[in-house]
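Here is the structure we will look at.
In our numbering, the protein residues as written are 33 to 443.
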């Protein structure tokens, strides 16, 4: 084991022109000889050519198996690798958004090559729009189904919660595909929005996703990443607390089996005053070459006075041969904050916990099951959708039942 620490309104009236060039951050840093380390200073561009093909030496690529992700580093010849269906809440889907039609591009600017390719390759973006002051009781569900491991696709989604609205949006991924995806999330003043992305791909799927979120004044966004399936799954969420009093909750759960690479590079930017951020990602790993990567960057900007922020990553290694990389980073540009911190921990089963349970008549197999469920339940319970929480708990049970021999078993 190796561990690193450190009556819905429609979208037809939103087609104002957006100039993508005006959205791109200063890219002068890439011209220098010193590699860019800070997340906020990385190149951002809508043009794939601006990024070049990654070599694996770049700070945002050095933990990713680029040889397996190679199909997503070039444009799709035919964009037919997935089908997209809104299976619940279709009344909240407006007209598709082409490039240049707001709110597409209002906040989103690609941070890496697959995201820039997906921006150009997705001719139209699916637009979920929750009306002002609407409270949507049931989740809006979008099913993304892969058509085959050799099929390529690019996708872009815009999820917009208007002022003082409340809703949950679930993105579900299944089947097999080579899929590059962008998700743009905007919570306007006073909105309360939950976005959950669930990856239940087949083992031969590859998926690279960039999620970028802006949270306006007094709004709250809960963003949850759940990854169980896929050969290589890289979901990178970026959340900006731009408005005063805004709140961001970023949670994640990964269960990696033999041969799987599950990765998230998380970025939380406190920009407005009196903002609150909470980041918690948990991972479980079992099987030879099971791999998880978590990189957490928190930036508290110079104007983000009164900030309260915390990020943590916890990993539980269930078998020999698994590897979890965990790298938390915290950058503070003002001294006037309420608090900020980060933590990371990776380890195997606690033998004392197992002994305690076995001493009370519980079998070793059942004791291990209870420890893992207890470890991951904290993240599952933060989703706030009971039916989905039950489903994910059942998936954890299934993963454990199909797992490899645990560390210390039979010793």
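For glycine and all other residues, C-beta sits at the position ideal for the given N, C-alpha and C.
Model, not experiment: these values are computed from the prediction.
Alpha carbon of residue i to alpha carbon of residue j, nearest angstrom
i, j, result
"residue 275", "residue 335", "11 Å"
"residue 70", "residue 82", "19 Å"
"residue 324", "residue 305", "34 Å"
"residue 322", "residue 357", "11 Å"
"residue 273", "residue 279", "7 Å"
"residue 292", "residue 264", "6 Å"
"residue 100", "residue 89", "16 Å"
"residue 248", "residue 219", "6 Å"
"residue 179", "residue 194", "34 Å"
"residue 5", "residue 386", "Nothing about residue 5 can be read from this structure; the chain reaches only from 33 to 443."
"residue 203", "residue 191", "11 Å"
"residue 253", "residue 416", "13 Å"
"residue 303", "residue 267", "23 Å"
"residue 288", "residue 221", "37 Å"
"residue 413", "residue 425", "10 Å"
"residue 384", "residue 314", "21 Å"
"residue 225", "residue 359", "28 Å"
"residue 117", "residue 205", "11 Å"
"residue 142", "residue 352", "37 Å"
"residue 98", "residue 238", "11 Å"
"residue 256", "residue 103", "26 Å"
"residue 124", "residue 217", "15 Å"
"residue 317", "residue 133", "42 Å"
"residue 95", "residue 240", "14 Å"
"residue 246", "residue 388", "46 Å"
"residue 451", "residue 421", "The structure shown does not extend to residue 451, since the chain is modelled only from 33 to 443, so the question has no answer here."
Counterpart residues of residue i in DSSP-defined beta bridges
i, result
"residue 301", "272 and 331"
"residue 213", "187 and 241"
"residue 283", "256 and 312"
"residue 233", "207"
"residue 288", "317"
"residue 224", "198 and 252"
"residue 172", "201"
"residue 296", "326"
"residue 8", "One cannot answer for residue 8 here, as it falls past the ends of the chain, which runs 33 to 443."
"residue 177", "115 and 206"
"residue 167", "198"
"residue 400", "For residue 400, which the question treats as bridged, DSSP gives no partner whatsoever."
"residue 266", "240 and 295"
Closer than 9 Å to chain B by CB, residue i
i, result
"residue 430", "The question asks about chain B, but that chain is absent: this structure has only one protein chain."
Cβ neighbours of residue i in the same chain (closer than 6 Å, five flanking residues each side left out)
i, result
"residue 166", "197"
"residue 20", "Lying outside 33 to 443, the shown extent of the chain, residue 20 is not represented and no answer is given."
"residue 215", "189 and 243"
"residue 377", "346"
"residue 331", "72, 301 and 363"
"residue 270", "244 and 299"
"residue 294", "259, 265, 286, 288 and 324"
"residue 340", "308, 370 and 371"
"residue 434", "none"
Neighbourhood of residue i by C-beta, 7 Å cutoff - its chain only, sequence neighbours within 5 removed
i, result
"residue 432", "401 and 404"
"residue 297", "92, 268 and 327"
"residue 290", "319, 320, 321, 322 and 436"
"residue 155", "130"
"residue 128", "156, 157, 158 and 159"
"residue 151", "78, 142, 188 and 214"
Same chain only: Cβ atoms within 8 Å of residue i, ignoring 5 sequence neighbours per side
i, result
"residue 114", "176, 177, 178, 179, 183, 185, 187, 207, 209 and 211"
"residue 333", "301, 302, 303, 365 and 366"
"residue 84", "145"
Quiz item: So does the region 274 to 287 actually touch the region 302 to 313, counting three or more Cβ pairs closer than 8 Å?
Solution: yes
Quiz item: In chain order, which beta strand (DSSP E) runs of at least 3 residues are fully inside the region 132 to 164?
Solution: DSSP runs (the beta strand (DSSP E)) wholly in the region 132 to 164: 156 to 162.
Quiz prompt | Contact between the region 132 to 145 and the region 229 to 236 (3+ Cβ pairs under 8 Å) | solution = no
Practice problem: Check whether the region 386 to 395 touches the region 362 to 372, taking contact to mean three or more Cβ pairs, one atom from each stretch, closer than 8 Å. | Solution: no
Practice problem: Pair every Cβ in the region 144 to 154 with every Cβ in the region 162 to 180, then say whether three or more of these pairs are closer than 8 Å. | Solution: no
Self-check item: Validate contact between the region 104 to 122 and the region 180 to 197 using beta carbons, cut 8 Å, 3 pairs
Solution: yes
Quiz item: Would the region 366 to 380 and the region 76 to 90 be scored as touching if the rule is three or more Cβ pairs under 8 Å?
Solution: Contact between the region 366 to 380 and the region 76 to 90 is absent, because fewer than three Cβ pairs lie under 8 Å.
Exercise. Could you tell me which uninterrupted alpha helix (DSSP H) segments, each at least 4 residues in length, are contained entirely in the region 317 to 395, listed from first to last along the chain?
Key: Correct list: 383 to 390.
Quiz item: Any contact of the region 156 to 170 with the region 202 to 211, i.e. 3+ C-beta pairs under 8 Å?
Solution: no
Quiz prompt | Continuous beta strand (DSSP E) assignments of at least 3 residues falling wholly in the region 98 to 131 | solution = Listed in chain order, the beta strand (DSSP E) runs fully inside the region 98 to 131 are 114 to 120, counting runs of at least 3 residues.
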